[in-house]
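Position 196 (the sequence shown) corresponds to 414 in our numbering; numbering is contiguous.
C-beta: ideal position from N, C-alpha, C; glycine also.
Everything numeric in this text was worked out from a predicted model, so none of it was measured.
A short write-up of the structure that comes next.
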Amino acid sequence: MTRREREARRKAAEERTRARREGRRLIASMGWNGATQAALAALAAPRDFTEHLPDDILRDGWRHPDARVRARAAALRKVARYCGTPDQTCRFKAMLHVIQARAPKIAGASFWGPCYTLAGLEWLRPLDAWEPAGKCEETVFRSLVNHLLARYPVPEFLYGVFDLDRATDGYAWVLAELFESFARGESAFEYVMVNIPAVMTRRMCHLFMQSPPGTGIYAAIRKAQIDALGGTPA
Numbered sequence: 219m220t221r222r223e224r225e226a227r228r229k230a231a232e233e234r235t236r237a238r239r240e241g242r243r244l245i246a247s248m249g250w251n252g253a254t255q256a257a258l259a260a261l262a263a264p265r266d267f268t269e270h271l272p273d274d275i276l277r278d279g280w281r282h283p284d285a286r287v288r289a290r291a292a293a294l295r296k297v298a299r300y301c302g303t304p305d306q307t308c309r310f311k312a313m314l315h316v317i318q319a320r321a322p323k324i325a326g327a328s329f330w331g332p333c334y335t336l337a338g339l340e341w342l343r344p345l346d347a348w349e350p351a352g353k354c355e356e357t358v359f360r361s362l363v364n365h366l367l368a369r370y371p372v373p374e375f376l377y378g379v380f381d382l383d384r385a386t387d388g389y390a391w392v393l394a395e396l397f398e399s400f401a402r403g404e405s406a407f408e409y410v411m412v413n414i415p416a417v418m419t420r421r422m423c424h425l426f427m428q429s430p431p432g433t434g435i436y437a438a439i440r441k442a443q444i445d446a447l448g449g450t451p452a
């Protein structure tokens, strides 16, 4: 290895360390009482989040090499979403009307919680264009999720984020936004590093996203951490 290559590797390692430290600082400053509170806390933080960001950074900020820019873009996107989109309850009611007409098997109360969470995320396609697919209830609901959120395939276990109770689980909304982010094609590692208070390396995130169907979200996170560290199944 040449001296130039060693220097480049050293600088890359330092940049990764700075990014992780910045992510931990952001986690400590934002708190975990839901996406709205996190966005407001981000706006209240000194200068890091109050600087104006161009539209291209807001749209593609998750690609930026600077962790601070990525975090500002994510926070401002959340603020724009909660201040500028239709009320979540109205979207939830509209969703129930469409479901009742096209897929009554998922119109029951057991799906109200998942549908309400879905109503609070950023939709890629119009609700009226949804055509139900599948026979069982879970498959039909996932077809609705895919229609509204997904540009790319999502691991089956990750649909479990819609079963989390937002009233009792302080991380339910954060994990729902992880699903949204990954379904749009964004980096799971970049989102986890800034938004989830768990130590996750790139390899851990890779193992996490490969969790088998039926694995609980929190169990998948812990299993990925242990596997990456060389732990045994026991």
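- Within its own chain, the residues whose Cβ lies closer than 6 Å to the Cβ of residue 397, once the five positions on either side in sequence are excluded, are 376, 379, listed in chain order.
- Assignment of alpha helix (DSSP H) within the segment 333 to 412, counting only whole runs of 4 or more residues, yields 355 to 367, 390 to 401 in chain order.
- No Cβ-Cβ contact shorter than 9 Å links residue 358 with residue 368.
- A residue is called buried when at least 16 other Cβ atoms come within 10 angstroms of its Cβ; residue 370 does not meet this threshold and is exposed.
- Taking a C-beta distance under 9 Å as the contact criterion, residue 362 and residue 336 qualify as a contact pair.
- The beta carbons of residue 341 and residue 382 sit no closer together than 9 Å.
- A residue is called buried when at least 16 other Cβ atoms come within 10 angstroms of its Cβ; residue 393 meets this threshold and is buried.
- The straight-line gap separating the alpha-carbon atoms of residue 225 and residue 332 is approximately 49 Å.
- Taking C-beta atoms under 8 Å as the contact rule, residue 439 and residue 426 qualify, at a distance of about 6 Å.
- Here DSSP, grouped into helix, strand and coil, assigns residue 325 to coil.
- For the segment 415 to 444, the full-length alpha helix (DSSP H) segments reaching 4 residues or more read 420 to 427 along the chain.
- Rounded to whole angstroms, residue 400 and residue 220 show a C-alpha spacing of 37 Å.
- Residue 423 has its alpha-carbon roughly 33 Å from the corresponding atom of residue 347.
- When 349, 339, 319, 356 are compared, the shortest CA-CA separation from residue 329 is found for 356.
- Cβ atoms of residue 429 and residue 373 come within 8 Å of each other, at about 7 Å.
- Each residue's CA atom was taken as its position, placing residue 417 and residue 364 some 29 Å apart.
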